[in-house]
Each structure stands twice: as structure tokens, then as C-alpha cells.
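Report on the structure given below.
Here it is as C-alpha cells:
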């Protein structure tokens, strides 16, 4: 009898969105970041904000790894004392926000049209540059950043992913 | 994180008094430590109290190791105190050693006052930043209001779930500040709920598959020691008559002469044990963690087997190999659950498998050959086993002598063997023996060590003298860093890079200069005599045994090989 299932043959990496509910105490954020670096896990995106009307915060982490790694990440996160709950999202709405500063000498009407195509808008205008913002799925935001490249953006700031189960 | 549930018996205390009170409430009877600037407030209160003994080591590292072995040998939480900065950094190796072996400890370090934290003050270091990755949990106490809760939670976290060291960093102003203290208060920790009871359906499922398997094997780890359930495990083994192998950390769970025990497995495991794990069709892992020193080459490990894994730490399950039947729970509880349900199943007769393993043992017994003028190191270990047996508690350092001790000492009960299994910390032996003696004054505390390891904490002989802790250090002296030398001989064409210890201390004089007794022995007769005199002297002792220089630890599973590919001892059986 050969039982191949005892071994980890999986080599396909997958993207995983995790919600980690934590108590805001004992440097919980550094514990989580340390855990990822100490065990060699990836962090593609990480956002933190308090959960309204509780003593908890929600940390949304986007990571990439093989099934075994994801399984360990979830278990190791759960093992941290200030972690209340870890959710692996399966069916999820993800949003990412980007702020982009574009010099005024670029074709602003083109930029405006593009921004709107990605649920965005011009947020601010100075005599040197405009700032546009867009909020959309992370993949579309990545696309948006790619197409906006040719308008010579001066600065690009991404928020990181927030997620909610449908 | 924790909510206050009830309020009673409030006392007004300063932070240092709170530490003392918490120790009193936790029945701490000894604290190992070393004072310094940032922890002086606490030491002032230690001076004034008479609830526990403080043992001043010569180095902070030894204080942590001693508290660690106090915990290993007694099952209680070990306690140590150090100061900020270098006091704390010296403690880090001790914390990491205990963490890797899941040993319950509370370590308090001083810290500079909260107002100067972050200014690179004298003896300031980011202690919790450093200890985060080598403790189960840690706390920096910013406010006296938190200290009561932190102290209580520290002991609670250290001893529950998968045990481990907890570190409290205590700023100097907090240890002086006044606050309310009531240790009877209960604190709820909604984020920490270890699973104690195993899933009954899964347990029955596992038992059913065991009952139908042909070559089942218990693979027992340190969890069986930590959860104090060796009696139930022995009962279980004898009830369903399944062979057992132990990890380094589990030595003594089974009696050394138990007919079902096939010894230690792994890199230097017994031939029969490694063959058993290679051929079994059902691995029943009880509180072990499939360490790389056990599994060898992973892609072939347990390939013929289904795996049942009982562990209190879900993260240990399916970490290295995929588990077919995971059971999360405290082994003490799960073992009882197993026993409750064994009668529900009709187990196969495993005697053919048992006999097959006995044949392996007969073919390649654990042995050494006395073929040189010098004593064999294994002989000394075996001899102490014959002479002292269950009257001795054994510590080791790390290296060849450690493996020989695991192989040749007849361990008959858990908590008899103190060794740094996971981290492999040289220098633990003497402080371990010291902590063991303090926790078990009626037992003989023996430290098997090497001429390399012993020098890493040799200064603690003075501590043993000062506090009346007569420990016996048996140095198996081969003038090498033996284990590294063995690898150099085997895998680096015998290029002995920095492993030859030519210049050595006169160990006899060294022992005597620190208030102990010293012996240098070359023969069996001298050894027996020295051991007898060492015990009778009631002083810390060093017995330096001049042993065969190039003895190898065998069997050996070389790195990257599977468990059944062992280098074996050649020569007479």
C-alpha cells in the first residue's frame, strides 16, 4: 500500500485573502509581520483598521503560497495569543484604492476618461499636478496603474486590499 | 484582551511587591536570576521576603537554563529574573532553548523607565522585540494597572495548552509605581482557548483503522512527558500490544526494558526503531512533531503508512507530513479517551510484526565494541545506569555524549532526562543539573557532558558550591568537539576544522578551585571509585573520563537519507 497522501506534492501557488481579527494589544501587528518574515511567507498586501464598536481590529492580508503553506499560515496566525479568528475567504468582494499624481502637462481629458473607466475621479488640482483616485478590485487597480503609466505619474499610492465575504 | 470578571481582596502594592505576591500565589519556591540596574526595585523586595529562595547564578544564561530544567524535572513553571540590556540578551539562548522544547517558564527582565524607552538609554534594548520569536508570548508592561493581569496570564499561558516560556519586560518606573492588586481575580482570554478533549468520532475512527492495520507503531514524543500521561500510554500500549518508538524528548515514557519499546528513532536511533518507522503501515504519533532529525528524507518517510497525529498544537499537525487522522487535544485527556474506546474494537494480532522487529533488534542491537586501550564513552554511561539507575536524574549537554546517553542510559520514567532537544544548546548541562538538583534534592543529579560543552557554563560550579547543590559532571573527554568532528570525518574527508581541543583546563583543579571535587579517570576501576567518592563528597564534582578519541555515534542516518539507510557499526555483535 502506497499512501501518497502523506506527502506534500502540491506545487501550485494560490492567492489567498485572509481576515485576521486581533485584540489591539501587545504589539500584535509586529507579531504578525514577524511571523511572516520568520517563516518565509509572502505578504502581498496588508491593511489594518479597528472593527467599529469593539476592542478588536481587522487585519486583511493577501498572501501567495502552496496549499500546505496557506494551511500553516492560518494555523500559525491562530496560535498567536492576541489573534481571535482567522478567516480564509472563498467568495469575497475585494477593494483596493489608488491615489495617482499626474503632471498638468499631460492630456487631462484622457486621464479623466481613464479614471472614470476604473470607478475613479479627479480629486484635487494644483498648478502643477492633478491627483486622481480609484477604488476597484485589486486586479483592475493594477491594470489602471499600468495604463496610466504613459501619462508620467509623479507618485502612486495604493491602500492595500480590504475584503468582505459576499 | 482580557476582561475582568470579579473583584475581591484588593491590595495596594508597588510593582515589585506585586511580582513577589504573584510568585507566592503561584507557589514558586525558587527563582534563578541576576540583579542589575533596571531590576533593582524587584530585588529590593526579594531581599525583604522569605517565601522563596533566590539562586544567584554567575551568568544570566545559566539562570534561565536552571529554571528550565527545574521545570523539566518537576513539571512546575520555572522562574527567572534578569536585568535589562545585556542581562536580557544573555537570557535569550535560555528562552529559545525552552521554547523549542515547549518548557513552561516565566522570565522577568528589567527595562529602562517608560519615559526613556526608545531613547537608546543605558542598558536599553528592545527586549520584547527580541524575545517575540523565542517565547510563547511576551508582555511589555507600560502601566502598573496592567501588571496584575500580566503576571497572572504569564503563569497561565506558560503552563496551559502547548507549554512554553513567557517573558515579561518590566520598566523600572512600573516596578516602583503603586497599583491595585488582587491575584484571585480571574481573567478571561477570549483569544486563547486550547483544545483539551479530542474529537470522539475521530478517535474512534483512528482506533478502527489501528485495529485493522497490520504493522502499527506508536511514535511517542515530548508531549507525552509534558502532559504527564505516561501511565496511560503504557496501559494503552500493553492493552493493544503495539510496538513503540520514542523520540529523544520522550525517553522514559516507556520503561527501558519494556518488551514493546524498540528504543529511540531518528538520526541516531536504534536500527529496529528506524526500520519500524520505515515499514509500519500505521504511525500513531503521540505528541511528537516529525522533526527533521526523526524523519530523515521526507519524500519517502512513512510512505507505506497512514498517520494518526495527536497534538495539542494544531500547527504541528500536517506541518511536515500530511496527517490522515488529526486529533487535536491534550494527550493526557486523549490517551484516556483512547483507553475508554479500545474495547469497542477487535484489534488484529500484531505479534508477527512484533517478532519481525525483535529480529531486527537481534540482527543489529544497539552496541559498542570495547576494542581500545581507552575507555569507551558509551561504557561510562551504561555503567552509571547500572550503578545508579532510577536513583539518578540525567542531564546532558549537546553532542556525541548526548546521543550516547539517549541510547545507553536505561531511562525508566519520564522527567528523568533533561536535554536540549530542539535547539541543541551546548552549555545547558551544568545549569540543567543544578536546576534538577534544586527541584529534586533527594535524587542524584548527573550531567553527562563533553570537553567542549562543559566549558560553556563551567562557572556555575561555584553556584552549586554556594547553594549546596552537589551535581556530578561526567566529562567524556576526547579532546574534540566530537559530533562536528564525526561529521568532518564522514563528510569532509576528515579535515578537522577547529574541532581539535588540544589545550584544556586541568578539570580537577578547576573543580577544586570552585569548591568542588575533581577526578581524572582512565580505567573502569578508577571510574567506579571516582563516582562513589563524588557521591559521598556531597560537593559539586567533575569526573573527567579520558575516552577513545575517534568513537562514532552509530547507527547514523546521514542527512538527506531515509530512516532505513543507516550507517551501522561494523564488527562483532
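Protein chains in written order, with our numbering: chain B, 31 to 196; chain P, 1071 to 1643.
A virtual CB, placed ideally from N, CA and C, is assigned to each residue, including glycine.
Between residue 1595 (chain P) and residue 1615 (chain P), the alpha-carbon positions lie close to 12 Å from each other.
At least one C-beta of chain P is nearer than 8 Å to the C-beta of residue 114 (chain B).
For residue 162 (chain B), no chain P residue has a Cβ inside 8 Å of its Cβ, as the nearest lies near 38 Å away.
Remark: fewer than three beta-carbon pairs, one from each stretch, lie closer than 8 Å, so the segment 1318 to 1326 of chain P and the segment 1420 to 1438 of chain P are not flagged as touching.
Judged by DSSP secondary structure, residue 1156 (chain P) falls within the alpha helix (DSSP H) whose first and last residues are 1156 to 1170.
DSSP lists P:1288 and P:1378 as the bridge partner or partners of residue 1354 (chain P).
In the three-state reduction of the DSSP assignment, residue 1560 (chain P) falls in the helix class, which pools H, G and I. Nearest to residue 1287 (chain P) by C-alpha distance, out of P:1265, P:1256, P:1310 and P:1267, is P:1310.
Judged by their CB atoms, residue 1152 (chain P) and residue 1116 (chain P) are not nearer to each other than the 8 Å cut-off. In the structure shown, residue 1333 (chain P) falls within a strand segment according to DSSP collapsed to helix, strand and coil. Among the residues of chain P, those whose CB is under 7 Å from the CB of residue 106 (chain B) are 1385, following chain order. In terms of beta-carbon proximity, residue 44 (chain B) stays away from the interface with chain P, with every pair separated by 8 Å or more. Under the criterion of beta carbons closer than 8 Å, residue 119 (chain B) and residue 195 (chain B) qualify as touching, at roughly 6 Å. Taking the Cα positions, residue 1625 (chain P) is about 32 Å away from residue 1234 (chain P).
Interface annotation for the segment 1176 to 1200 of chain P against chain B: 1198 and 1199, criterion Cβ-Cβ distance under 9 Å. The continuous beta strand (DSSP E) containing residue 95 (chain B) extends over residues 86 to 95. Contact between residue 1197 (chain P) and residue 1175 (chain P) is ruled out by a C-beta separation of about 15 Å, above the 8 Å threshold. Using a Cβ distance threshold of 8 Å, residue 1572 (chain P) and residue 1549 (chain P) count as a contacting pair.
Under the three-state reduction of DSSP output, residue 114 (chain B) falls in the strand class.
The Cβ of residue 102 (chain B) sits closer than 8 Å to at least one Cβ of chain P. At least one CB of chain P lies nearer than 8 Å to the CB of residue 60 (chain B). When Cβ-Cβ separations below 8 Å define contact, residue 1296 (chain P) makes no contact with chain B. The residues 1127, 1128, 1132, 1500, 1501 and 1504, in chain order, have a CB closer than 7 Å to that of residue 1530 (chain P) in the same chain once the five nearest residues on each side in sequence are set aside. Judged by DSSP in its simplified three-state form, residue 1275 (chain P) adopts helix. The three-state secondary structure of residue 1325 (chain P), taken from DSSP, is coil. Nearest to residue 1095 (chain P) by C-alpha distance, out of P:1121, P:1103 and P:1104, is P:1121.
Put simply, the CB of residue 1365 (chain P) is far from chain B, with every gap to its CB atoms at 8 Å or more. At least 8 Å separates the beta-carbon of residue 1209 (chain P) from that of residue 1173 (chain P). Nearest to residue 46 (chain B) by alpha-carbon distance, out of B:68, B:116 and B:63, is B:116. In the structure shown, residue 1095 (chain P) falls within a helical segment according to DSSP collapsed to helix, strand and coil. Beta-carbon to beta-carbon, residue 1112 (chain P) and residue 1154 (chain P) are separated by about 12 Å, too far to satisfy the 8 Å threshold. For residue 147 (chain B), the enclosing alpha helix (DSSP H) covers residues 138 to 147. Shown in chain order are the members of the segment 1374 to 1402 of chain P whose Cβ falls below 9 Å from a Cβ of chain B: 1374, 1375, 1376, 1377, 1383, 1384, 1385, 1386, 1387, 1388, 1389, 1390, 1391, 1392, 1393 and 1394. DSSP, read as helix, strand or coil, puts residue 1569 (chain P) in coil.
Interface annotation, residue 111 (chain B): in contact with chain P, CB-CB separation under 8 Å. Every unbroken stretch of the alpha helix (DSSP H) spanning 4 or more residues and falling wholly within the segment 1464 to 1492 of chain P is given here in chain order: 1470 to 1478.
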